[in-house]
Structures are given as C-alpha cells and as structure tokens.
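Structure, as structure tokens:
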Amino acid sequence: MLTRKQLELLLFINTRLKEEGVPPSFEEMKDALDLQSKSGVHRLIVALEERGFIHRMPNRARALEVLKLPDSHNPALAKKGGFKPNVIDGNLGKGRPPAPANDGMPRSTYVPMMGRIAAGVPIAAIQDHSANIAIPPEMLGGGEHFALEVKGDSMIDAGIFDGDTVLIRKGETAINGDIVVALVDDEEATLKRLRKKGDSIALEAANAAYETRIFGPDRVRVQGKLVGLLRKYN
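Using the numbering used here, the first residue of the sequence shown is number 21, and each one after it goes up by one.
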C-alpha cells in the first residue's frame, strides 16, 4: 500500500511511459508533485522500488520501469474494488455481541477489522471497515475498539510480530511509552511506541534495525492505543 505522494508519482511515471515511451526527469517529477526539492523525489522513488512497484535500471539515466500498479488502479481488478485509503474516523461501534450461548452468556464480542497497519516502513492510511472479528469480551474495556493486521517486524522486541492482529482502543491521546496507531501527515499510518520530547513527537520502533522517527506535533495524530493482541499458530 502506498502513500498519496507515492501513488501520484507512480501514476505520473506510468502515464509518461505510455504516452512518450520514456520516464519523466526528476525535475518534471518534482514540479508535477509540487515538491520542494529533487531529494523528495528520490525518497519516493526509493520507496516505490522497495515495495516492488518500479525498477531502476543501473548505469542508465532516467531509466525507470513500472513493474505493477496497485490493485485499485489495475483494470483487471477494478471491478472487484481496490484499496481506498482513509483515516480511521466515524463511529466504529463499541462491539457487537453475538447471540447468547445456551447458558445465556456471550462467548465473544465482534469488533471491526480495519485492514492492515505497518510495523516497519509506514504504509498508506488505514482502509475501510472490511470485516468483523470475534474478541473475548474480557479483552475489551470501555470505549470503541477496532482491530488491525500487523505487517512488518519493527515491533518484534515488544512481542508484536508480522501477521499478528492487534486490538486498538480508539482515542486521540496517549502517554509516553504507549504503543499507538499514529497517523503521520494524514496519509501514513504506523504502529509504534510514542515518546514526547519537548515540542516533538518520536515514533519509536521496538527493533534495533529501525530508526526512531521524530516529527513536529502538528504532523502526528494518535488514532488509538494498543490494548490487546491475537496470534494464530499453525
């Protein structure tokens, strides 16, 4: 999944290749995306290559090849519907209890599964409510909850692994040390430990292979904090 700028650049490169047979220059990409510098274009190019959407041919100037487009922009998959990034918002509900068991006590409560969250390189903001999953009621406190599938390994030292499902209590506040769903620049969502340092906010990984990212307070919005985790064993 891509950020808005990554997707804009990928589509711009793809369109230029189809129309003219050659990719745009860095200057053209900078102007098309209204970026301040070519270094911003370079970061987007690297991110697209890391995610397998483009390939840079060595020793050739302006040599870019588009390998694939996101499902939402793939004509073969368009009829099935694609990923639609948005911010977690609206009324998620406080969980829908199933019909009581024979003894009159509910065995689980349903909460909405809101897609995937990056525990590693940030991905695009969380997608729409896609399903409901059953959660033991004792895992839920007050407030609204939602679930996310974890992608990546940046939180492994906190016991959170790729493929786990995290249970998040929706909210906009957190204290130092909380593991939160953080929305960066209204377009990237990631699961990280929150640290406040003066007027800055640090999103800290639980894996020495990843750097702590530091932002101004206006760039990060807390969407909720971790309250539980589910894991399947094969």
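Don't be surprised by glycine CBs; every beta carbon is placed ideally from N, CA and C.
No experiment lies behind these values; they were computed from the predicted model shown.
### Query
Nearest to residue 252 by alpha carbon, out of 47, 195, 132 and 169?
Numbered from 1 along the sequence shown, position 232 holds the residue referred to as residue 252. Selected option, being the one with the closest Cα: 169.
### Query
Less than 8 Å between the CB of residue 138 and some heavy atom of the ligand GTP, yes or no?
Ligands are entirely absent from the displayed structure, and the ligand GTP is therefore not among its contents.
#### Entry: residue 222 beta carbon less than 9 Å from that of residue 174
Start at 1 with the first residue of the sequence shown, and residue 174 comes out as number 154. Start at 1 with the first residue of the sequence shown, and residue 222 comes out as number 202. No, Cβ-Cβ distance for residue 174 and residue 222 is not below 9 Å.
### Task
Assign residue 249 to one of three DSSP states: helix, strand, or coil.
For the purposes of this step, residue 249 is taken as the residue at position 229 of the sequence shown. Note: residue 249 maps to strand in three-state DSSP.
### Task
Below 6 Å CB to CB, which residues in the same chain sit around residue 136 once its five sequence neighbours on both sides are set aside?
For the purposes of this step, residue 136 is taken as residue 116 along the sequence shown, with counting starting at 1. These residues qualify, in order along the chain: 169 and 171.
### Query
With 16 other CB atoms within 10 Å as the buried threshold, where does residue 206 fall?
Residue 206 sits at position 186 when you count from the first residue of the sequence shown. Residue 206 comes out exposed.
### Message
In whole angstroms, give me the CA-to-CA distance for residue 250 and residue 186.
### Response
The residue you call residue 250 lines up with position 230 of the sequence shown. The residue you call residue 186 lines up with position 166 of the sequence shown. If I take the Cα positions, the gap works out to 6 Å.
### Enclosing beta strand (DSSP E) for residue 224 [first to last residue]
As a first step, residue 224 is located in the sequence shown; it is residue number 204 there, counting from the start. Per DSSP, residue 224 belongs to the beta strand (DSSP E) from 220-224.
### Message
I need the DSSP call for residue 37, collapsed to helix, strand or coil.
### Response
Within the sequence shown, residue 37 is the residue found at index 17, counting from 1. In this structure, residue 37 counts as helix in the three-state DSSP scheme.
### Query
What is the DSSP secondary structure of residue 199, reduced to helix, strand or coil?
Counting from one through the sequence shown, the residue named residue 199 turns up at place 179. Three-state DSSP puts residue 199 in a strand.
### Task
Within 10 angstroms of the Cβ of residue 195, are there 16 or more other Cβ atoms? Answer buried if so, exposed if not.
Taking the sequence shown and counting its residues from 1, the one referred to as residue 195 is at position 175. Looking at its Cβ environment, which holds fewer than 16 other Cβ atoms inside 10 Å, residue 195 is exposed.
#### Entry: Identified DSSP bridge partners for residue 244
Here residue 244 refers to the residue found at position 224 of the sequence shown. For residue 244, which the question treats as bridged, DSSP gives the partners 190 and 201.
### Rounded C-alpha distance that separates residue 57 from residue 29
By 1-based counting over the sequence shown, the position of residue 57 is 37. By 1-based counting over the sequence shown, the position of residue 29 is 9. Those two C-alpha atoms are separated by around 14 Å.
### Where residue 63 falls: helix, strand or coil (DSSP)
Here residue 63 refers to the residue found at position 43 of the sequence shown. In the structure shown, residue 63 sits in a helix (DSSP, three-state: H, G or I).
#### Entry: Backbone CA spacing between residue 229 and residue 177 [nearest angstrom]
For this step, residue 229 is matched to residue 209 along the sequence shown. For this step, residue 177 is matched to residue 157 along the sequence shown. Just so you know, the alpha carbons of residue 229 and residue 177 end up roughly 11 Å apart.
### Task
May I ask which residues mark the beginning and end of the beta strand (DSSP E) holding residue 52?
Within the sequence shown, the letter at position 32 stands for residue 52. Secondary structure note for residue 52: it is in no beta strand (DSSP E), and the uninterrupted alpha helix (DSSP H) holding it is 46-52.
### Task
Figure out for me which residue from 54, 88, 55 and 180 has the closest Cα to the Cα of residue 70.
The residue you call residue 70 lines up with position 50 of the sequence shown. The option with the nearest alpha carbon to residue 70 is 88.
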